[in-house]
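Enquirer:
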Amino acid sequence: MTADVVPLPRKEPTIEPMLSLTASGMNSVNAVILDRMQSEIPLIPRLAGHLISGGGKRLRPMLTLAGAELVGYNGTRHHKLAAAVEFIHTATLLHDDVVDGSELRRGKAAANIIFGNPATVLVGDFLFSRAFELMTEDGSLRVLKILSHASAVIAEGEVAQLTSQRQIETSEERYLHIIGAKTAALFAAASQISAVVAECSEEEERALEDYGRNLGVAFQLVDDAIDYDSDAAEMGKDQGDDFREGKMTLPVILAHARGDADERKFWKDAILGHRSSDEDLAHAVSLIEKHNALADTREKARHFAQRAIDAISIFPDSKARAAMAEAAQFAVARGY
């Protein structure tokens, strides 16, 4: 099978083709999510529903559905598996907000602020358990291996990020390794399992995994850029959260590497938590802009987005492939 490189579209990309492609399947996925988040303990569906119904794009389960469309799968197994993917993602968000002490999630109060840290962690555990129930119901050891491995890698990535927090010497290579684990691993698994249920070839399975992994890296790169160039209303979180938490994201790594001695001292003090005022954040943004760190972060994201698009070029041209290609470009162009 020969590959033809698909160029990024020149028009302003949107997520709409992906939403349209997966709309019917997402109705089924949402029904599974609603059913499996229920519990006799009222706090569980209340807290889970606070986040699950909070306006997220549900891009990860959409990748499972889009991949199934791409490979011509006509069954329904992927609906429960896409719900499992969303439960894994939601559980990690709940745990992340506790670890980070976040106050906002998707533009409203984070669950840990409303319900407290203990309840938030435990409901995250509940959703992880529900995810594994759905995997075992599917009955495929291959699917179980892919998603369980992704869950472990995500946890490793979160721990790696935690240990890199406030470490000014964090390299670009280490940063990319961290986001490859904490974000891209689930994107990759979500895409790959659609090829597994469709009993595709190893080449096709690998292509979908590569698509998801590269898309995930691009997505996280842009998320990290947005923290320094969008307001909280658009982002759905407090601007400068990463800055105040001492996270070494690529815009900071680039600005620090390119700065003079005074600028490097500022970054060291800021990442250690000694410079965290609004004025300090404004200065950080000015340094990032001075050294083109945001533009270069987005350019790197475009590189990974193109790799994602190239990965699925082995498949025949179709509505699904076009939607997935545009979703990759949207991941880079978005401002939220």
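Numbering (the numbering used here), first residue to last: 5 to 340. The C-beta atom is built at its ideal place from N, Cα and C for all residues, glycine as well.
(1) In three-state terms, what does DSSP make of residue 113?
(2) Let's test the definition: count the other Cβ atoms within 10 Å of the Cβ of residue 277 and tell me whether it reaches 16, buried, or not, exposed.
(3) Grab the span of the alpha helix (DSSP H) containing residue 270 for me, first residue to last.
(4) Out of curiosity, what's the CA-to-CA distance linking residue 329 and residue 260?
(5) Three or more beta-carbon pairs under 8 Å between the stretch 20 to 34 and the stretch 122 to 129, yes or no?
(6) Taking a contact to mean a Cβ-Cβ separation below 9 Å, would you say residue 337 touches residue 66 in this structure?
(7) Are the stretch 68 to 85 and the stretch 168 to 175 in contact at 8 Å, needing three or more beta carbon pairs?
(8) My assumption, with CB atoms under 8 Å, is that residue 220 sits in contact with residue 196. Please give the rounded CB distance.
(9) For the putative contact between residue 202 and residue 154, defined by C-beta atoms under 8 Å, what is the C-beta separation to the nearest angstrom?
(10) In or out: residue 266 buried (at least 16 other Cβ within 10 Å) or exposed?
(11) Quick one: what's residue 98 bridged to in DSSP?
(12) Counting C-beta neighbours from all protein chains within 10 Å, is the total for residue 193 16 or more, i.e. buried, or is it exposed?
(13) Are three or more beta carbon pairs between the stretch 281 to 301 and the stretch 313 to 326 nearer than 8 Å?
(14) Compare the Cα-Cα distances from residue 222 to each of 310, 135, 56, 213 and report the closest residue.
(15) DSSP puts residue 108 in a beta bridge; with which residues?
(16) Run the CB neighbour count on residue 165, radius 10 Å, all protein chains shown included, and call it buried at 16 or more, exposed below.
(17) Using only the alpha-carbon positions, how far apart do residue 19 and residue 225 sit?
(18) Okay, do the stretch 294 to 302 and the stretch 246 to 264 touch, 3+ Cβ pairs below 8 Å being the bar?
(19) What's the C-alpha gap between residue 39 and residue 57?
(20) Please confirm whether residue 258 and residue 231 have their CB atoms less than 9 Å apart.
(21) Helix, strand or coil: how does DSSP classify residue 333 here?
(22) Could you tell me the distance, in whole angstroms, from the CA atom of residue 106 to the CA atom of residue 205?
(23) Kindly list the residues whose CB is nearer than 7 Å to the CB of residue 324, restricted to its own chain and excluding five residues on each side of it in sequence; keep chain order.
(24) Is the beta carbon of residue 270 closer than 9 Å to that of residue 291?
(25) Looking at the structure shown, is residue 78 part of a helix, part of a strand, or coil, going by DSSP?
(26) Kindly list the residues whose CB is nearer than 8 Å to the CB of residue 208, restricted to its own chain and excluding five residues on each side of it in sequence; keep chain order.
(27) Pick out whichever of 96, 288, 64 has its Cα sitting closest to the Cα of residue 87.
(28) Is it right to say residue 146 is buried, meaning 16 or more other beta carbons lie within 10 angstroms of its own, or is it exposed?
(29) What is the rounded straight-line gap between the Cα of residue 237 and the Cα of residue 118?
(30) Look at residue 359 and residue 214 and say whether their C-beta atoms are less than 9 Å apart.
(31) Please determine whether the Cβ atom of residue 37 lies at a distance below 8 Å from any heavy atom of the ligand PLP.
(32) So which of 15, 305, 48 has the shortest CA-CA distance to residue 95?
(33) Measuring CB to CB, does residue 85 end up less than 9 Å from residue 139?
(34) Looking at the secondary structure, which residues open and close the alpha helix (DSSP H) in which residue 46 lies?
Expert: On the basis of the coordinates in this document:
(1) strand
(2) exposed
(3) For residue 270, the enclosing alpha helix (DSSP H) stretches over residues 265 to 275.
(4) 33 Å
(5) no
(6) no
(7) no
(8) The C-beta separation of residue 220 from residue 196 comes to about 12 Å, leaving the pair out of contact by the 8 Å criterion.
(9) Contact flag wrong, Cβ pair sits at about 19 Å.
(10) exposed
(11) According to DSSP, which records beta bridges pairwise, residue 98 is partnered with nothing at all.
(12) Taking all protein chains shown into account, residue 193 has 16 or more neighbouring C-beta atoms within 10 Å of its C-beta and is therefore buried.
(13) no
(14) 310
(15) According to DSSP, residue 108 bridges with 113.
(16) buried
(17) 18 Å
(18) yes
(19) Looking at the two C-alpha atoms, the distance is approximately 13 Å.
(20) no
(21) Helix at residue 333.
(22) 42 Å
(23) 25, 70, 73, 74
(24) yes
(25) Coil.
(26) 75, 199, 318, 319
(27) 64
(28) exposed
(29) Note that residue 237 has pLDDT 38, beneath the 50 cutoff, so the model's placement of it is unreliable and the number below is only indicative. C-alpha separation (whole angstroms): 19 Å.
(30) Any question about residue 359 goes unanswered here, given that the chain covers just 5 to 340.
(31) Because no ligand of any kind appears in the structure shown, any question about the ligand PLP cannot be addressed here.
(32) It is 48.
(33) yes
(34) Residue 46 -> no alpha helix (DSSP H), and no H or E assigned at all.
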